[in-house]
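Undergrad:
This is the structure:
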């Protein structure tokens, strides 16, 4: 018959074993790298989650660039270590040179990452000059994806045809590998779905309808299903579809429910069947680990039919 001392000893040993097992599971999860996915018919492959650099971005700065070069570089290093190979930048954020210096400092092979950036220029001459400058800022001889930034009118493909033609020319010369738009207007999004020139679209998409494109006369709560209809047309046409504002520009990444919300958002995009990959504006290594771990949780749930 077991005595009290033996009972306490055995119970403590069992608790210790469980704690160690839990620690081992957590450690394994926090080093698991993200899977790589196809981006439409562009021929590009990148991580399911990308690192964004434009949180509260504008005026050539963002929360990421405001960290300073050393912290920015450390963030990119940690993201890469977790399997993040999609790097989203923009001239408006001032993040291109930060990313170029980070990649050089870390020594990441150029072909192992997909670089996306955006131009605010609207003229052929401006776009050409921007892309030439971007090459210098990234310290590379090609850029994977260049987008016309922040389309807010439905006829953008008419108004900006000259700029689009320059980007097509540079694509043929293999200076850029794909082109497209980021959309901040429902009509602009519909145009992107129908426009053959668009290889890649960056669209606002999350479960809550927060900071998303809202159809005229409709409420924000109708935005997710209505946007999904448009993104499905893009997906069916072979365009690369990238989700942004997936955590509502960080608004849903705070508080005691932040992990549940990250899981909910990633699973929402996975279940939608219309998103190739998602961009998240990380500001710390902890945020990277949290979102990557919740992404794996969502992937495992989907695999089990959940």
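Numbering (our numbering), first residue to last: 416 to 721.
Note that the Cβ used here is the ideal one computed from N, Cα and C, for glycine as well.
Computed from a predicted model, the values in this text were never measured in an experiment.
1. Quick one: is residue 538 buried, meaning 16 or more other Cβ sit within 10 Å of its Cβ, or exposed?
2. Taking the C-alpha atoms as reference points, what is the distance between residue 688 and residue 647?
3. Could you spell out the range, first to last residue, of the alpha helix (DSSP H) harbouring residue 501?
4. Does DSSP put residue 439 in a helix, a strand or coil?
5. Using the rule of at least 16 other Cβ atoms within 10 Å of the residue's Cβ for burial, across every protein chain shown, is residue 466 buried or exposed?
6. Nearest to residue 612 by CA position, among 709, 490, 450, 457, is which residue?
7. Figure out for me which residue from 631, 704, 684, 668 has the closest Cα to the Cα of residue 499.
8. Using beta-carbon positions only, say whether residue 487 and residue 508 come within less than 8 Å of one another.
9. Given a cut-off of 8 Å, decide if residue 506 and residue 535 are closer than it, judged by their beta-carbon atoms.
10. Residue 668 lies in the alpha helix (DSSP H); which residues open and close that run?
11. Is there a C-beta anywhere in chain B that falls below 8 Å from the one on residue 609?
12. Grab me the residues of residue 678's own chain with a C-beta within less than 7 Å of its C-beta, minus the 5 sequence neighbours each way, in chain order.
13. Measure from the alpha carbon of residue 585 to the alpha carbon of each residue in 628, 525, 470, 550, then state which is nearest.
14. Measure the beta-carbon distance from residue 449 to residue 655 and round it to whole angstroms, keeping in mind my assumption that it falls under 8 Å.
15. Would residue 663 and residue 623 be called neighbours here (beta carbons separated by less than 8 Å)?
16. Output the boundary residues of the beta strand (DSSP E) element that contains residue 692.
17. Over the uninterrupted alpha helix (DSSP H) stretch that includes residue 459, give me the two end residues.
18. Buried or exposed: where does residue 559 fall if 16 or more other Cβ atoms within 10 Å of its Cβ makes it buried?
19. What are the start and end residues of the beta strand (DSSP E) that includes residue 568?
20. Between the alpha carbons of residue 501 and residue 526, how many angstroms are there, rounded?
21. What's the gap between the Cα of residue 572 and the Cα of residue 706?
22. Near residue 556, what residues of its chain come up, given a Cβ to Cβ distance below 7 Å and the 5 sequence neighbours on each side ignored?
23. Mind reading off the beta-carbon distance from residue 697 to residue 490? Whole number of angstroms is fine, and I expect it under 8 Å.
24. What first and last residue would you give for the beta strand (DSSP E) that runs through residue 407?
25. Using the rule of at least 16 other Cβ atoms within 10 Å of the residue's Cβ for burial, across every protein chain shown, is residue 432 buried or exposed?
26. Can you name the start and end residues of the beta strand (DSSP E) that residue 594 belongs to?
27. Alpha carbon to alpha carbon, how far is residue 533 from residue 544?
28. Where do the N-terminal and C-terminal ends of the alpha helix (DSSP H) with residue 579 fall, by residue?
TA: Taking the structure as given:
1. Residue numbering aside, residue 538 sits at position 123 when the chain shown is read from its first letter. Flag for residue 538 reads exposed.
2. Counting from 1 along the chain shown, the entry for residue 688 is found at position 273. Counting from 1 along the chain shown, the entry for residue 647 is found at position 232. A direct Cα-Cα distance of roughly 8 Å separates residue 688 from residue 647.
3. Looking up residue 501 in the chain shown gives position 86. Bounds of any alpha helix (DSSP H) do not take in residue 501; it lies within the beta strand (DSSP E) bounded by 501-503.
4. The residue given as residue 439 occupies position 24 in the chain shown. Here the model assigns residue 439 a pLDDT of 48, short of 50, so the residue's position is not dependable, and the following value carries that caveat. Helix.
5. Your numbering for residue 466 matches position 51 in the chain shown. Per the 10 Å Cβ criterion, buried.
6. Counting from 1 along the chain shown, the entry for residue 612 is found at position 197. Minimum Cα-Cα distance from residue 612 among the listed residues 709, 490, 450, 457 corresponds to 457.
7. Residue mapping note: residue 499 aligns to position 84 of the chain shown, counting from 1. Out of 631, 704, 684, 668, 704 has the C-alpha closest to the C-alpha of residue 499.
8. What you label residue 487 is simply residue 72 of the chain shown in a count that begins at 1. What you label residue 508 is simply residue 93 of the chain shown in a count that begins at 1. The Cβ atoms of residue 487 and residue 508 do not sit closer than 8 Å to each other.
9. Here residue 535 corresponds to residue number 120 of the chain shown, with the count starting at 1. Here residue 506 corresponds to residue number 91 of the chain shown, with the count starting at 1. Yes.
10. The residue given as residue 668 occupies position 253 in the chain shown. Residue 668: not part of any alpha helix (DSSP H); DSSP gives it neither H nor E.
11. No chain B appears in this structure, which consists of one protein chain only.
12. Working through the chain shown from its first residue, we reach residue 678 at position 263. Excluding positions up to five away in sequence, the list reads 709, 712, 713.
13. Position 170 of the chain shown, counting from 1, holds the residue named residue 585. Selected option, being the one with the closest Cα: 550.
14. One-based indexing of the chain shown puts residue 449 at position 34. One-based indexing of the chain shown puts residue 655 at position 240. The Cβ separation is near 17 Å, so there is no contact.
15. Taking the first residue of the chain shown as position 1, residue 663 is located at position 248. Taking the first residue of the chain shown as position 1, residue 623 is located at position 208. Yes.
16. Here residue 692 refers to the residue found at position 277 of the chain shown. Where residue 692 is concerned, the enclosing beta strand (DSSP E) stretches over 692-695.
17. Looking up residue 459 in the chain shown gives position 44. Looking at the DSSP string, residue 459 is not in any alpha helix (DSSP H), and its letter there is neither H nor E.
18. Here residue 559 corresponds to residue number 144 of the chain shown, with the count starting at 1. So residue 559 ends up on the buried side.
19. Translated into the one-based positions of the chain shown, residue 568 becomes position 153. Membership of residue 568 in any beta strand (DSSP E) is not indicated, and neither H nor E is assigned to it by DSSP.
20. Mapped onto the chain shown, residue 501 falls at position 86. Mapped onto the chain shown, residue 526 falls at position 111. The alpha-carbon atoms of residue 501 and residue 526 are separated by roughly 11 Å.
21. The residue given as residue 572 occupies position 157 in the chain shown. The residue given as residue 706 occupies position 291 in the chain shown. Distance from the CA of residue 572 to the CA of residue 706, rounded to the nearest whole angstrom, comes to 35 Å.
22. As a working mapping, residue 556 is identified with position 141 in the chain shown. Here the set comprises 550.
23. Locating residue 697 in the chain shown gives position 282, counting from the first residue. Locating residue 490 in the chain shown gives position 75, counting from the first residue. Rounded, the Cβ-Cβ distance is 6 Å, consistent with contact.
24. Any question about residue 407 goes unanswered here, given that the chain covers just 416 to 721.
25. Indexing the chain shown from 1 puts residue 432 at position 17. Residue confidence is low: residue 432 scores 49 on pLDDT, short of 50, so the model does not pin down where it sits. Its coordinate-derived value is still stated next. By the neighbour-count criterion, in which a residue is buried when 16 or more other Cβ atoms sit within 10 angstroms of its Cβ, residue 432 is exposed.
26. Sequence index remark: in the chain shown, residue 594 carries index 179 (1-based). 591-598 is the extent of the beta strand (DSSP E) around residue 594.
27. As a first step, residue 533 must be located in the chain shown, where it is residue number 118. As a first step, residue 544 must be located in the chain shown, where it is residue number 129. Taking the straight line joining both Cα atoms gives about 13 Å.
28. On the chain shown, residue 579 is found 164 positions in, with the first residue counted as 1. Counting along the chain, residue 579 sits inside the alpha helix (DSSP H) bounded by residues 576-587.
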